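For reference, the structure discussed in these notes is given below.
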Amino acid sequence: MIRQPDPKPDVMARRDAIVAGLAALLPETGLISEPNLLKPYETDGLSAYRQPPLAVALPETTEQVAAVMRFCHQNGVRMVPRGAGTSLSGGTLPMADSVVLGLMRMHRILDIDYADRCAVVQAGVTNIGITQAVQGAGFFYAPDPSSQLACMIGGNVNMNSGGAHCLKYGVTANNLLGLKIVTVEGEIVDIGGAHLDAAGYDWLGLLTGSEGQLAVVTEVTVRILRGPEGARAMLAAFKSNEIAGACVDAIISSGIIPVALEFMDRPAIHACEAFAHAGYPLDAEAMLIIEVEGSEAEQDALLDRIREICGRFDPISLKVSQSAEESAAIWKGRKGAFGAIGRISPDYLCMDGTIPTSRLAEVLGRIGAMGEAYGLKVANIFHAGDGNLHPLIMFDANDPASFHKAERFGADILRLCVEVGGCLTGEHGVGVEKRDLMGVQFSEVELAQQRRIKSAFDPGWLLNPNKVFPLLDGVAAE
């Protein structure tokens, strides 16, 4: 079970005064403090863990964010930045003495510059909302997490989110130009801007993926790209996970970089087909979704080469979409995968580790063996092209023994990722889920250095408490 330190007694004793002080800084409906109304904020996408916060602040402007943070800093109150709450690593799990800083009301598109191919948006704009704002002019925003209908760009920056198309276009870090942040003391700072490389230290690189440990992001300047001439998806079905994994490695090793290369195993195929009716091959043990884009001639050439590579692995079937509707159905199944698994299992843990693609076949085999040893089912759905695994471990949260086994199984998968040369997280972040596993990947010297960086930005350790860094003797380092 994940350990959480006790709340600060002095903060809890001053609860009424803190609530009154925050209410004075925000619009009339900008603060939530009633116990029943706090329940939606007690958890996030890692719903096995719950804790109502002290209060929820709902600012609408950067200046209001700064005022709230200044007040909390002066009063020693912990703060948890939150967007849509889709974090699968417990990245927005509050503590009883913390104020959740909800940015969902900051949902305005502030500027779109097609000439320089960038847009400035508030942190509460949804991922898909950026593409919807620019697609009429033939542009799009490339990172596309499966939760893109709901997840917000501020959270994408905090976790350095990726998505199915990150194989070609990169993750959030590769599509950012600038940030507006608020420091723990309430100072507003602009980092980068509508240009390629900012002078001086790479503050943008440091802040992206920092999980709300260093500052709160309120505005984001993103790259927008011209849409391709066209795209086609292809399904390749195989007799085993290991064979499909070897095929992935062969495609990447050949020098071909598809726009997307996704993996689904038998449990995932069946769950997603029942949900989306996409025409997935139900007799397959594993399936790849491979998408290419460009002109018709370019698509044909790439698909011919990929078909030839897949043919070396004795595929059960190969199918290329023949229409936009077929491609949409293929992606509907993949994008709805997590919800589809929820229809066949009362609960599941969605893991997130990254490995070298050359080790895919081996790792998938070992995950299967682990599942048998633990007596738990696992569905594998992930971004195969860059080795970002998302095993879904099925369990029953009403059965404590089942839950504890799922936790141990997940930890073993992440240890395996590091063992073969990968890392603990690809896009979900560390949060509380992987916090106590950080020592698997990093030495004590490396963790100490990371803590010093945290302390430089947040000396009182008030921002997003008890995440990322392992607890020392049961308490957070401060």
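Numbering (this note's numbering), first residue to last: 143 to 620. By construction, the Cβ of each residue, glycine as well, lies at the ideal position given by its N, Cα and C atoms. The model shown is predicted, which means the values in this text are computed figures rather than measured ones.
Inset, instruction - Would you tell me roughly how many angstroms separate the C-alpha atoms of A336 and D554, rounded to the nearest one? - result: Cα to Cα, A336 sits roughly 43 Å from D554.
Inset, instruction - Can you tell me which of the three DSSP states N530 falls into? - result: Of the three classes helix, strand and coil, the one that applies to N530 here is strand, per DSSP.
Inset, instruction - Tell whether a beta-carbon distance below 7 Å holds between H570 and L230. - result: Yes, these two residues count as a Cβ contact at 7 Å.
Inset, instruction - Please report the residue range of the alpha helix (DSSP H) in which I411 lies. - result: 408-418 is the extent of the alpha helix (DSSP H) around I411.
Inset, instruction - Return the Cβ separation of S382 and A428 in integer angstroms, given the expectation that the two are a contact with Cβ distance under 8 Å. - result: With 8 Å as the limit, S382 and A428 qualify as a contact, their Cβ atoms being about 6 Å apart.
Legend entry - Meets three-Cβ-pair contact criterion under 8 Å: the segment 437-456 and the segment 493-512: Contact between the segment 437-456 and the segment 493-512 is absent, with fewer than three C-beta pairs closer than 8 Å.
Legend entry - Distance between beta carbons of V219 and I272, contact taken as under 8 Å: Contact between I272 and V219 is ruled out by a C-beta separation of about 32 Å, above the 8 Å threshold.
Inset, instruction - Would you mind working out which of V153, R593, D253, P533 sits nearest G495, comparing C-alpha positions? - result: When each option's Cα is compared against that of G495, the closest is P533.
Inset, instruction - Could I get the ranges of all uninterrupted alpha helix (DSSP H) runs contained in the segment 343-429, with 4 residues as the minimum, in chain order? - result: Uninterrupted alpha helix (DSSP H) stretches at least 4 residues long and entirely within the segment 343-429 occur at 345-349, 383-395, 408-418, given in chain order.
Inset, instruction - State yes or no: is the C-beta of C389 within less than 7 Å of the C-beta of F455? - result: Yes, the pair counts as a contact, with Cβ atoms nearer than the cut-off.
Inset, instruction - Return the CA-CA distance between I394 and L164, expressed in angstroms with no decimal places. - result: Those two C-alpha atoms are separated by around 53 Å.
Inset, instruction - Please confirm if the segment 169-182 is in contact with the segment 262-272, defined as three or more CB-CB distances below 8 Å between the two stretches. - result: The answer is no - the segment 262-272 does not touch the segment 169-182, with fewer than three Cβ pairs under 8 Å.
Inset, instruction - Classify V331 as buried or exposed, calling it buried when 16 or more other Cβ atoms lie within 10 Å of its own Cβ. - result: A residue is called buried when at least 16 other Cβ atoms come within 10 angstroms of its Cβ; V331 does not meet this threshold and is exposed.
Inset, instruction - Give the straight-line distance between the Cα atoms of L173 and G244, rounded to the nearest whole angstrom. - result: Spanning the two alpha carbons is a distance of roughly 10 Å.
Inset, instruction - Have a look at the DSSP bridge pairing and note the partners of T325. - result: Per DSSP, T325 has no beta bridge partner at all.
Legend entry - C-alpha distance - D344 paired with N316, whole-angstrom precision: Answer to the nearest angstrom: the Cα atoms are 13 Å apart.
Inset, instruction - Say whether the segment 322-329 touches the segment 351-371, bearing in mind that this needs 3 or more beta-carbon pairs closer than 8 Å, one atom from each stretch. - result: Contact between the segment 322-329 and the segment 351-371 is present, because at least three Cβ pairs lie under 8 Å.
Inset, instruction - Please say whether G354 and L346 have beta carbons closer to each other than 7 Å? - result: Not in contact: L346 and G354 (Cβ atoms no closer than 7 Å).
Inset, instruction - Measure the C-alpha to C-alpha separation of L168 and T204 and round it to an integer number of angstroms. - result: Approximately 12 Å, taken between the alpha carbons.
Legend entry - Span of the alpha helix (DSSP H) around C559: In this chain, the alpha helix (DSSP H) harbouring C559 covers 542-561.
Legend entry - Reduced DSSP secondary structure (H/G/I, E/B, other) of D538: When DSSP states are grouped into helix, strand and coil, D538 belongs to the coil group.
Inset, instruction - With a floor of 3 residues, list each beta strand (DSSP E) that falls wholly inside the segment 461-517, ordered by position along the chain. - result: Whole beta strand (DSSP E) segments, 3+ residues: 489-492.
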